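Enquirer: The structure follows.
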Amino acid sequence: MVLTGASRGIGHATVKLFSEAGWRIITCSRQPFDGELCPWDAGAIDHVQVDLGDHRAMPRALEDIKARLAGMPLHALINNAGFSPKNCEGGRLTSLTTPVDTWMNVFHVNFLAPILLARGLFEELKDGSGTVVNVTSIVGSRVHPFAGTAYATSKAALACLTREMAHDFAPHGIRVNAIAPGEIKTDILSPDAEALLAPVIPMRRIGTPDEVAKVIFFFMFRCGKLRDRRGNQDQWRTACLSGPPFKRRMKKPDVKRQSTGVPSI
Ligand SMILES: NC(=O)c1ccc[n+]([C@@H]2O[C@H](COP(=O)([O-])OP(=O)(O)OC[C@H]3O[C@@H](n4cnc5c(N)ncnc54)[C@H](OP(=O)(O)O)[C@@H]3O)[C@@H](O)[C@H]2O)c1
């Protein structure tokens, strides 16, 4: 799989989870690979250092990713990288105060990079009957006390783009979904966010990056409750949990001929 924003927060937790489940992950972020922080095999070889805010850097990044894939199919693209700029006091940048350059940069990272990557890796995703997960946010649909206007509108646009992509990619066997996390304990949050927002969250706490990673992992289930020809559901689910190496060895359930009806999730 290819995962952006792997160096911290939700992305880092996602690499850990998938790596433990046996997946090979090609990671992307502006930071170089840190072997102390990320002790997984092949991390240094499979890391692409790229500024997703610079669309001129994308062709080179795509070349790097394709070179690492070396003709292998791609099973998943997780568009997780994102940033949420604040004003000098750490406060919210509004529709009246957001500088144009900031607005452009936010849209490049949060909105444009996901589609440029998905288009650039389209053939590889098609070969892998792949899945794309775009990480949006609850702030795409409401005004938030800390997240600014550029961030919120970029996430709303990404949610809309996900719908368009799902429609356009589906005929090629590629599924496209979005997840919209609420408040998650990472560097992206303003310093006061946890103390102020936790009391109004029904669970009375903010979420953790590994909780989001598990939701992303769920999207790797191609089948949900899909059964194989003998009606054996668990065998295929267990295979999915183990990632692509097992997925490839398993015979894909024959949906058309199964007697148990239409697959459901
Ligand atoms: N935490 C929350 O409460 C929350 C809520 C809703 C949605 N989200 C979304 O979840 C995703 C992950 O955020 P997070 O909370 O884990 O934030 P984070 O801890 O700040 O991590 C952001 C990641 O994005 C990467 N990134 C930022 N700008 C980049 C650029 N120009 N080029 C390449 N990579 C870049 C960062 O890597 P480098 O710095 O190494 O480049 C980092 O790995 C984001 O899309 C965010 O909008 C978070």
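To convert, take the position in the sequence shown, counting from 1, and add 41; that gives the numbering used here. We treat Cβ as the ideally placed atom computed from N, Cα and C, and that holds for glycine. Since the structure is predicted, the reported quantities are computational estimates derived from the model, not experimental observations.
Exposed or buried, what is K255 when buried is set at 16 or more other beta-carbons lying within 10 Å of its beta-carbon?
Expert: The residue you call residue 255 lines up with position 214 of the sequence shown. Exposed, by the Cβ-count rule.
Enquirer: Any idea which residues DSSP pairs I119 with across the strands?
Expert: Looking up residue 119 in the sequence shown gives position 78. Per DSSP, L44, V174.
Enquirer: Output the residue ranges of the alpha helix (DSSP H) runs that lie fully inside the region 231-255 and measure 4 residues or longer, sorted by chain position.
Expert: Counting whole runs of 4 or more residues, the region 231-255 contains the alpha helix (DSSP H) stretches 234-238.
Enquirer: Less than 6 Å between C-beta atoms, sequence neighbours within five positions excluded: which residues of the same chain meet that for R49?
Expert: Working through the sequence shown from its first residue, we reach residue 49 at position 8. Correct list, in chain order: D228.
Enquirer: May I ask you to check if the CB of G161 is nearer than 6 Å to at least one heavy atom of ligand 1?
Expert: Reading the sequence shown from its first residue, position 120 is the one you call residue 161. No, the beta carbon of G161 sits no closer than 6 Å to any heavy atom of ligand 1.
Enquirer: Would you mind sorting R246 into buried or exposed? The rule is 16 or more other CB atoms within 10 Å of its CB.
Expert: Taking the sequence shown and counting its residues from 1, the one referred to as residue 246 is at position 205. Label assigned to R246: exposed.
Enquirer: Should E77 be counted as a contact of ligand 1 given a C-beta to heavy atom distance under 6 Å?
Expert: On the sequence shown, residue 77 is found 36 positions in, with the first residue counted as 1. False, no ligand heavy atom lies under 6 Å from that Cβ.
Enquirer: Is DSSP giving C129 helix, strand or coil here?
Expert: Numbered from its first residue, the sequence shown carries residue 129 at position 88. Looking at C129 - three-state DSSP - the assignment turns out to be coil, as it is neither helix nor strand.
Enquirer: So, is the C-beta of F74 closer than 7 Å to a C-beta in chain D?
Expert: Note that chain D does not occur in the displayed structure, where there is just one protein chain.
Enquirer: Just curious, the beta strand (DSSP E) that I220 is in, first and last residue?
Expert: Working through the sequence shown from its first residue, we reach residue 220 at position 179. Start and end: 216-220.
Enquirer: Starting from the C-beta of R289, find all residues in its chain whose C-beta is less than 6 Å away, skip the five residues before and the five after it, and write them out in chain order.
Expert: Here residue 289 refers to the residue found at position 248 of the sequence shown. Bear in mind that the predicted position of R289 carries a pLDDT of just 39, short of 50, making it too unreliable to give a figure here.
Enquirer: With respect to 6 Å, is the separation between the Cβ of V176 and the closest non-hydrogen atom of ligand 1 below this value?
Expert: As a first step, residue 176 is located in the sequence shown; it is residue number 135 there, counting from the start. Checking the Cβ of V176 against ligand 1 gives yes.
Enquirer: Considering only residues of the same chain and omitting the five flanking positions on each side of S170, which have a CB-CB separation below 6 Å?
Expert: Counting from one through the sequence shown, the residue named residue 170 turns up at place 129. Closer than 6 Å at Cβ, skipping near neighbours: G214.
Enquirer: If you draw a straight line from the C-alpha of G161 to the C-alpha of V174, how long is it?
Expert: Position 120 of the sequence shown, counted from the first residue, corresponds to residue 161. Position 133 of the sequence shown, counted from the first residue, corresponds to residue 174. The straight-line gap from Cα to Cα measures roughly 15 Å.
Enquirer: What are the boundary residues of the alpha helix (DSSP H) that includes S195?
Expert: Within the sequence shown, the letter at position 154 stands for residue 195. Looking at the DSSP string, the run of the alpha helix (DSSP H) that includes S195 is 190-210.
Enquirer: Using the beta-carbon count (16 or more within 10 Å), is G379 buried or exposed?
Expert: Residue 379 lies beyond the residue range present for the chain, which begins at 42 and ends at 306; the question has no answer from this structure.
Enquirer: Counting along the chain, where does the beta strand (DSSP E) carrying V89 start and finish?
Expert: As a position in the sequence shown, residue 89 is number 48, starting the count at 1. 88-90 is the extent of the beta strand (DSSP E) around V89.
Enquirer: Could you tell me whether the Cβ atoms of V91 and A83 are closer together than 7 Å?
Expert: Here residue 91 refers to the residue found at position 50 when the sequence shown is read from its first residue. Here residue 83 refers to the residue found at position 42 when the sequence shown is read from its first residue. No.
Enquirer: Is the beta carbon of L58 less than 7 Å from the beta carbon of I119?
Expert: Here residue 58 is taken as the residue at index 17 of the sequence shown, counted from 1. Here residue 119 is taken as the residue at index 78 of the sequence shown, counted from 1. No; because the gap between Cβ atoms is not below 7 Å, this pair is not in contact.
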